[in-house]
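>
Number of protein chains: 2
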Amino acid sequence: MKIGPYEYDAFIDKVREFHGSVAPGIVAGGIMVDIARDRLPEGEFFDVICESQHCLPDAVQLLTPCTIGNRWLKIVETSRYALTFYNKYTGSGVRVFLDAGRLGDWPAIRAWFLKEKPKKEQDLQEILEEFQRAGRGIYGVEQVKVKEEFLTVPQHRRSAIALCPSCNEAYRSDLGDECPACRGLGPYR
Amino acid sequence: MKIGPYEYDAFIDKVREFHGSVAPGIVAGGIMVDIARDRLPEGEFFDVICESQHCLPDAVQLLTPCTIGNRWLKIVETSRYALTFYNKYTGSGVRVFLDAGRLGDWPAIRAWFLKEKPKKEQDLQEILEEFQRAGRGIYGVEQVKVKEEFLTVPQHRRSAIALCPSCNEAYRSDLGDECPACRGLGPYR
Numbered sequence: 012m013k014i015g016p017y018e019y020d021a022f023i024d025k026v027r028e029f030h031g032s033v034a035p036g037i038v039a040g041g042i043m044v045d046i047a048r049d050r051l052p053e054g055e056f057f058d059v060i061c062e063s064q065h066c067l068p069d070a071v072q073l074l075t076p077c078t079i080g081n082r083w084l085k086i087v088e089t090s091r092y093a094l095t096f097y098n099k100y101t102g103s104g105v106r107v108f109l110d111a112g113r114l115g116d117w118p119a120i121r122a123w124f125l126k127e128k129p130k131k132e133q134d135l136q137e138i139l140e141e142f143q144r145a146g147r148g149i150y151g152v153e154q155v156k157v158k159e160e161f162l163t164v165p166q167h168r169r170s171a172i173a174l175c176p177s178c179n180e181a182y183r184s185d186l187g188d189e190c191p192a193c194r195g196l197g198p199y200r
Numbered sequence: 012m013k014i015g016p017y018e019y020d021a022f023i024d025k026v027r028e029f030h031g032s033v034a035p036g037i038v039a040g041g042i043m044v045d046i047a048r049d050r051l052p053e054g055e056f057f058d059v060i061c062e063s064q065h066c067l068p069d070a071v072q073l074l075t076p077c078t079i080g081n082r083w084l085k086i087v088e089t090s091r092y093a094l095t096f097y098n099k100y101t102g103s104g105v106r107v108f109l110d111a112g113r114l115g116d117w118p119a120i121r122a123w124f125l126k127e128k129p130k131k132e133q134d135l136q137e138i139l140e141e142f143q144r145a146g147r148g149i150y151g152v153e154q155v156k157v158k159e160e161f162l163t164v165p166q167h168r169r170s171a172i173a174l175c176p177s178c179n180e181a182y183r184s185d186l187g188d189e190c191p192a193c194r195g196l197g198p199y200r
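Chains A and B are the protein sequences, given in the same order.
Residue numbers for the first sequence follow the numbering used here, so the first one is 12 and each next one is one higher.
Residue numbers for the second sequence follow the numbering used here, so the first one is 12 and each next one is one higher.
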């Protein structure tokens with residue numbers, strides 16, 4: 012089984028290198044990326060939405076040109092283990108999800124996915140072997156239409172830059188008369 | 012000038028490969044990562060916050076073990092061009108920002124950073140050369156304390172998984188009786 016251009020084990024090495032550990036979710040995510048890509052019209056440009064910030068975005072960043080910093084990858088947190096490849100002009104897309112209903116034969120994946128066991132009682136090797144044997148059989152696929160707000164160029168790309176009168180740093184002036192951090196919305200105490 | 016383990020031009024190649032284009036912001040971000048890392052105690056583990064989703068996160072993902080999927084990288088959007096490396100147990104951190112007040116001698120960087128010119132009138136080569144010549148001289152550094160909410164283990168890592176009664180997909184049961192998507196908060200029409 013290949014994932015993207017990689018042999019299964021080579022992809023696992025890539026995951027370790029980029030993500031810092033071999034998270035089962037990224038292996039599932041890699042298979043999901045391949046399923047989604049195979050359903051897209053040949054040569055079509057796409058954006059990606061991940062419905063969970065957990066692991067999935069790293070599969071997308073490893074296997075596609077979409078990254079969080081170039082904004083072709085977006086995270087809309089619903090906590091479901093799903094990703095969508097879509098045409099950003101029309102919103103038509105393919106959504107792929109790990110289907111809990113198809114895990115009857117895969118106890119290790121099930122224990123990991125539904126958190127049936129504490130992490131330290133889970134067997135990573137067993138999970139990885141089950142993912143390889145299960146192939147594409149445990150994922151659901153559906154056609155979706157993505158909401159308008161994820162299609163158009165984000166407002167801030169067109170917005171002007173000002174210097175915040177409080178901190179003197181450059182910020183998007185459409186966000187208010189002071190930058191969000193000086194209005195108490197920053198990450199610092 | 013090196014950025015992380017790379018020669019300046021080699022880093023630019025890395026940026027092109029990961030991000031899909033040579034965005035000046037990632038080059039600045041790479042220098043900011045180096046400045047922050049040099050201020051940290053030797054061997055300390057750190058998490059990273061980016062205050063902008065624009066480009067900066069990709070510099071962090073290219074140069075550190077922190078990715079959006081392993082959650083060691085967080086984005087708290089204030090729209091300021093700043094990143095913070097911090098100890099996730101104490102919240103003590105180093106914040107590095109591109110300082111608009113120090114751009115007097117660097118017209119190409121200034122035109123890009125403050126959007127003084129439309130993108131198509133900006134000269135990428137000139138911006139990259141100015142970043143190289145300016146070195147570390149155009150960034151501010153400050154000590155910060157990160158808010159409590161970014162220190163502790165996120166609630167969802169401890170939360171249970173349930174099957175949503177509407178879509179039948181697995182989701183975090185602490186989010187409600189139905190998954191967020193079935194309550195209208197998903198990305199689809």
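For each residue, glycine too, the CB sits at the ideal point set by N, CA and C.
1) Which residues mark the beginning and the end of the alpha helix (DSSP H) in which D58(A) is found?
2) Which class does K126(B) belong to by DSSP, given the choice of helix, strand or coil?
3) At a CB-CB cut-off below 9 Å, which residues of chain B make contact with N98(A)?
4) What are the uninterrupted segments assigned as alpha helix (DSSP H) that are 4 or more residues long and contained completely in the segment 67-137 of chain A, given in chain order?
5) Short of 8 Å in beta carbon distance, which residues of its chain neighbour K158(A), apart from the five on each side in sequence? Order them along the chain.
6) Under 8 Å by Cβ, that's how I've got L94(A) and G41(A) pegged, so tell me the actual separation to the nearest angstrom.
7) Any Cβ of chain B within less than 8 Å of the Cβ of Y92(A)?
8) How would you list, in chain order, the residues of chain A whose beta-carbon sits under 8 Å from the beta-carbon of E55(B)?
9) Can you find a CB in chain B that lies within less than 8 Å of the CB of T89(A)?
10) In whole angstroms, what is the alpha-carbon distance linking G187(A) and E180(A)?
11) Distance cutoff 8 Å, beta carbons only. Does A119(A) sit that close to anything in chain B?
12) Hey, G104(B) and V155(B) are a contact pair by Cβ (cut 8 Å); roughly how many whole angstroms apart?
13) With 8 Å as the threshold, decide whether the Cβ of Y182(B) is near any Cβ in chain A.
14) Name the residue from K99(B), V87(B), C61(B) and R147(B) whose alpha carbon lies nearest to the alpha carbon of D110(B).
15) Taking the alpha carbon of I138(A) as the reference point, which residue from G31(A), E28(A), A39(A) and S32(A) has its own alpha carbon closest?
16) Any idea if R200(A) is buried or exposed, counting beta-carbon neighbours within 10 angstroms, 16 or more meaning buried?
17) Would you mind sorting K131(B) into buried or exposed? The rule is 16 or more other CB atoms within 10 Å of its CB.
18) Applying a beta-carbon distance threshold of less than 8 Å, which residues of chain C neighbour A192(B)?
19) Kindly list the residues whose CB is nearer than 7 Å to the CB of E160(A), restricted to its own chain and excluding five residues on each side of it in sequence; keep chain order.
20) Cβ of A171(A) less than 8 Å from any chain B Cβ?
21) Shortest alpha-carbon distance to A171(B) belongs to which of C178(A), S184(A) and K126(A)?
22) Taking 8 Å as the CB-CB cut-off, is K25(A) touching chain B?
23) Helix or strand or just coil, what does DSSP make of V33(A)?
24) Would you say K156(B) lies against chain A (beta-carbon separation less than 8 Å)?
25) Would you list the one or two residues that DSSP bridges to K13(B)?
26) Since P35(B) and L135(B) should fall inside the 8 Å C-beta cutoff, what is the C-beta to C-beta distance between them, to a whole number of angstroms?
27) Taking only beta-carbon positions, decide if G112(B) is within less than 8 Å of chain A.
28) Who are the neighbours of R50(A) on chain B, taking C-beta pairs under 9 Å?
29) Output, in chain order, the set of chain A residues within a Cβ distance shorter than 8 Å of T78(B).
30) Quick check on R144(B): does DSSP put it in helix, strand or coil?
31) Check whether chain B comes within 8 Å of K126(A), counting only Cβ atoms and requiring the distance to be less than that.
32) In chain order, what residues of the same chain have a beta carbon less than 6 Å from the beta carbon of V26(B), not counting five sequence neighbours either side?
33) Does the separation of the CB atoms of K85(B) and I46(B) fall below 8 Å?
34) Can you tell which of I120(A), F124(A) and P129(A) has its C-alpha closest to the C-alpha of R144(A)?
35) What does a CB cutoff of less than 6 Å around A70(B) pick up in its chain, not counting 5 residues either side in sequence?
36) Does DSSP classify A192(B) as helix, strand or coil?
Here's the rundown:
1) Where D58(A) is concerned, there is no enclosing alpha helix (DSSP H), although the beta strand (DSSP E) it sits in stretches over D58 to C61.
2) Correct three-state label for K126(B): coil.
3) Chain-order list of chain B residues neighbouring N98(A): empty, with the shortest C-beta distance near 14 Å, by a criterion of under 9 Å.
4) List check, alpha helix (DSSP H) in window: 67-74 and 118-124.
5) Counting only Cβ-Cβ distances below 8 Å, and skipping sequence neighbours, we find G102.
6) Not quite, the Cβ-Cβ distance comes to about 11 Å (not below 8 Å), so this is no contact.
7) It does: the Cβ of Y92(A) has a partner Cβ on chain B nearer than 8 Å.
8) Residues of chain A passing the Cβ test: none, with the nearest at roughly 16 Å.
9) By this cut-off, T89(A) is an interface position.
10) Using only the alpha carbons, I get a separation of about 14 Å.
11) No, its Cβ sits nowhere closer than 8 Å to a Cβ of chain B.
12) With 8 Å as the limit, G104(B) and V155(B) qualify as a contact, their Cβ atoms being about 5 Å apart.
13) It does; some Cβ of chain A falls within 8 Å.
14) Of the candidates K99(B), V87(B), C61(B) and R147(B), the one whose C-alpha sits nearest the C-alpha of D110(B) is R147(B).
15) For the residues G31(A), E28(A), A39(A) and S32(A), the minimum Cα distance to I138(A) belongs to A39(A).
16) Flag for R200(A) reads exposed.
17) Flag for K131(B) reads exposed.
18) This model lacks chain C altogether, as its protein chains are A and B.
19) So no residue of the chain qualifies.
20) Contacts with chain B at 8 Å (Cβ-Cβ) include A171(A).
21) Cα-wise, what sits closest to A171(B) is K126(A).
22) Not closer than 8 Å to any Cβ of chain B, the Cβ of K25(A) fails to qualify, so no.
23) For V33(A), the three-state secondary structure derived from DSSP is coil.
24) Chain A, which has a Cβ nearer than 8 Å to the Cβ of K156(B), makes this yes.
25) According to DSSP, which records beta bridges pairwise, K13(B) is partnered with E18(B).
26) L135(B) and P35(B) do touch by the CB rule: their CB atoms are close to 7 Å apart, below 8 Å.
27) Contact with chain A is found for G112(B), since one of that chain's Cβ atoms lies less than 8 Å from the residue's Cβ.
28) Against chain B, the beta carbon of R50(A) has no neighbour under 9 Å; the closest one sits roughly 16 Å away.
29) Those within 8 Å of T78(B) in chain A are F29, H30, G31, P68, D69 and Q72.
30) R144(B): helix per DSSP, three-state reduction.
31) Among the residues facing chain B, K126(A) is included, as its CB has a counterpart in that chain under 8 Å away.
32) Result list for V26(B): V33 and I37, in chain order.
33) No, the pair does not count as a contact, with Cβ atoms beyond the cut-off.
34) In this structure, I120(A) is the residue among I120(A), F124(A) and P129(A) with its C-alpha nearest to the C-alpha of R144(A).
35) Correct list, in chain order: I37, G40, G41 and V44.
36) A192(B) sits in a helix when the DSSP states are folded into three classes.
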